[in-house]
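Participant: Numbering (this note's numbering), first residue to last: 1 to 496.
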Amino acid sequence: MSYPKLNQLKGWQLKKMLEKRQISSREILTSLFDQIHKENPRINAYITLQEKQAKRSAERIDDLRLKGENLGALAGLPVAVKDNICTRGIRTTCGSKMLANFVPPYDATAIQKLKRADAIIVGKTNMDEFGMGSSNETSFFGPVRNPYDLERISGGSSGGSAAAVASHMAIMALGSDTGGSIRQPASFCGVVGLKPTYGRVSRFGLVAFASSLDQIGAITKDVKDCALLSGVICGHDRRDSTSLPEEEVNYVESFDEDIENIRIGVAPEYFGGGLDEEVKKVVMNGIKLLNGLGMKVEEVSLPHTDKAIATYYVLATAEASSNLARYDGIKYGFRAEGDLELAEMYCRTRSQGFGAEVKRRIILGTYVLSAGYYQAYYAKAQKVRTLIRDDFNKAFDKVDVIITPTSPTTAFKLGEKIDDPLTMYLSDVYTISANLAGIPAISVPCGKDSEGLPIGLQIMGKPLSEDLILRVAYLLEQNLSTPAGFNFKLYPESMG
Ligand code: GLN
């Protein structure tokens, strides 16, 4: 019998072993970096690695543990961080040429919290440029490949984080989610991803894409790890004006609470045209399973669902066009070469520094905000956003959680949609509404399609009901007959 390597274990398992001093953090990092050196060249999940620094931190934490010091909740556990979350002294590229050499002078609040919990940052993960994409193909640093099939995309925009966790190159990771960027790659890579309630995790130090939608969240191998990491990064922060007053919580503790009386809502709008039959079947089975465990299932209606994509692509691009105005070659990052007049320098810097998708969004966003079109597009989209939020409020009068597929399909092929932005945008159809409504949503592996590609099930809840959706996700994970989650074999060579 062969034992799993340390990098193949879950965070909570390693935490126990560390606390009992059966293993050292240094040993975890050795096995993790062995895997990274082996797999990253083909999966391309990391943009920047921190091997030396991480190993040094591990030694320091191992020493403190030996001395019997009190350590944080993630002491000695490695965490990978999406490359749009500012890390002091570690370059933070946002997957863009514009910030390819940008080294932040400060840490995002989520990073400060990780450090306070004695976690170890191992590297920065690949992503769609500025978070704009659903396949990780818009990254300046090249696409991330799906560990289940290297010819397929990892999903996006947190594709690097999801693929790193799925291929045992990370124990746990941070991602960010503006319209599905944590949940969709988690679904495509067979891992767990939670987008918290808007305001639950501080956005301070998260490079802004669409500020009214962006949230940082956890991508992990299982639900328990997701609860562990989400509990560490949440909590009020006075440096983010949209931060909610709630303090940190221990989500893991709520796993034991009673499940009776939990009502699951199923909305027909999420099971209609465009949904792959195999995905539908697997998600329906997941719902049946929870029903069999004693949860009630009721039909709810979310009538404005079909307006979500259009609404999102007006609001997100409007906000992006404003947020990305700061990349002008003066204050941050890339500047075009040559002795240029100011206007010419702006123009060349932005033309050369941004990729095609980012430019498309800036142009679209500037258009919907321009005089004469503002009312027709931006103001209208804000109204529809309220209708979408109202749909959820009404549904949550009847039920406690709403279950849907995370994505209408499994991971698609590299190159399949990249030249067709509209088709690409449609792949976010089930994830975007949670961002528009500001509610928490988790993707949890629920099965596979006939080609062996992972299928994610999405659980959405009322604002601040992370504990409940984590609990439902945990029950699903624990009761699936063939573990859909992490006990799978990667493509054969990598298990060596
Ligand atoms: N795929 C969506 C987009 O391209 C969502 C991205 C995200 O959540 N950052 O905008």
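C-beta: ideal position from N, C-alpha, C; glycine also.
(1) Tell me the rounded alpha-carbon separation between residue 324 and residue 261.
(2) Kindly list the residues whose CB is nearer than 6 Å to the CB of residue 245, restricted to its own chain and excluding five residues on each side of it in sequence; keep chain order.
(3) Taking the alpha carbon of residue 139 as the point to measure from, which residue in 370, 354 and 37 has its own alpha carbon closest?
(4) Which runs of the alpha helix (DSSP H), 4 residues or longer, sit entirely within the region 99-135?
(5) Residue 313 lies in the beta strand (DSSP E); which residues open and close that run?
(6) Say yes only if the C-beta of residue 184 is nearer than 8 Å to one or more non-hydrogen atoms of the ligand GLN, and no if none qualify.
(7) Taking only runs of the alpha helix (DSSP H) that begin and end inside the region 202-282, which ones reach a length of at least 4 residues, in chain order?
(8) Hey, could you find the ends of the alpha helix (DSSP H) residue 347 is sitting in?
(9) Which residue from 327, 310, 345 and 371 puts its Cα closest to that of residue 428?
(10) How far does the beta strand (DSSP E) with residue 454 in it extend, from its first residue to its last?
(11) Taking the continuous beta strand (DSSP E) assigned at residue 46, which residues delimit it?
(12) With a threshold of 8 Å on Cβ separation, who are the neighbours of residue 313 within its own chain once the five nearest residues in sequence on each side are excluded?
(13) For the region 283-303 and the region 381-400, state whether three or more C-beta atom pairs, one from each stretch, are separated by less than 8 Å.
(14) Have a look at residue 181 and residue 477 and give me their C-alpha separation to the nearest angstrom.
(15) Mind reading off the beta-carbon distance from residue 202 to residue 258? Whole number of angstroms is fine, and I expect it under 8 Å.
(16) Consider the C-beta atom of residue 321 and the heavy atoms of the ligand GLN; say whether any pair is separated by less than 8 Å.
(17) Measuring from the CB of residue 157, is there a heavy atom of the ligand GLN at a distance below 8 Å?
(18) Using 8 Å as the cut-off, classify the Cβ of residue 316 as near or not near the heavy atoms of the ligand GLN, replying yes or no.
(19) Return yes when at least one heavy atom of the ligand GLN lies under 8 Å from the C-beta of residue 460, else no.
(20) For the putative contact between residue 141 and residue 43, defined by C-beta atoms under 8 Å, what is the C-beta separation to the nearest angstrom?
(21) For residue 269, which residues in the same chain have their Cβ closer than 6 Å to its Cβ, ignoring the five residues on either side in sequence?
Facilitator: Inspection of the coordinates gives the following:
(1) Whole-angstrom Cα-Cα distance: 46 Å.
(2) 236
(3) 354
(4) 109-116
(5) Not the beta strand (DSSP E): residue 313 falls in the alpha helix (DSSP H), residues 308-323.
(6) Checking the 8 Å criterion, the Cβ of residue 184 is within range of a heavy atom belonging to the ligand GLN.
(7) 223-233
(8) Where residue 347 is concerned, the enclosing alpha helix (DSSP H) stretches over 342-353.
(9) 310
(10) 454-461
(11) 46-49
(12) 364 and 425
(13) The answer is yes - the region 381-400 touches the region 283-303, with three or more Cβ pairs under 8 Å.
(14) 21 Å
(15) With 8 Å as the limit, residue 202 and residue 258 do not qualify as a contact, their Cβ atoms being about 32 Å apart.
(16) no
(17) yes
(18) yes
(19) no
(20) 12 Å between Cβ atoms; not a contact.
(21) 302 and 305
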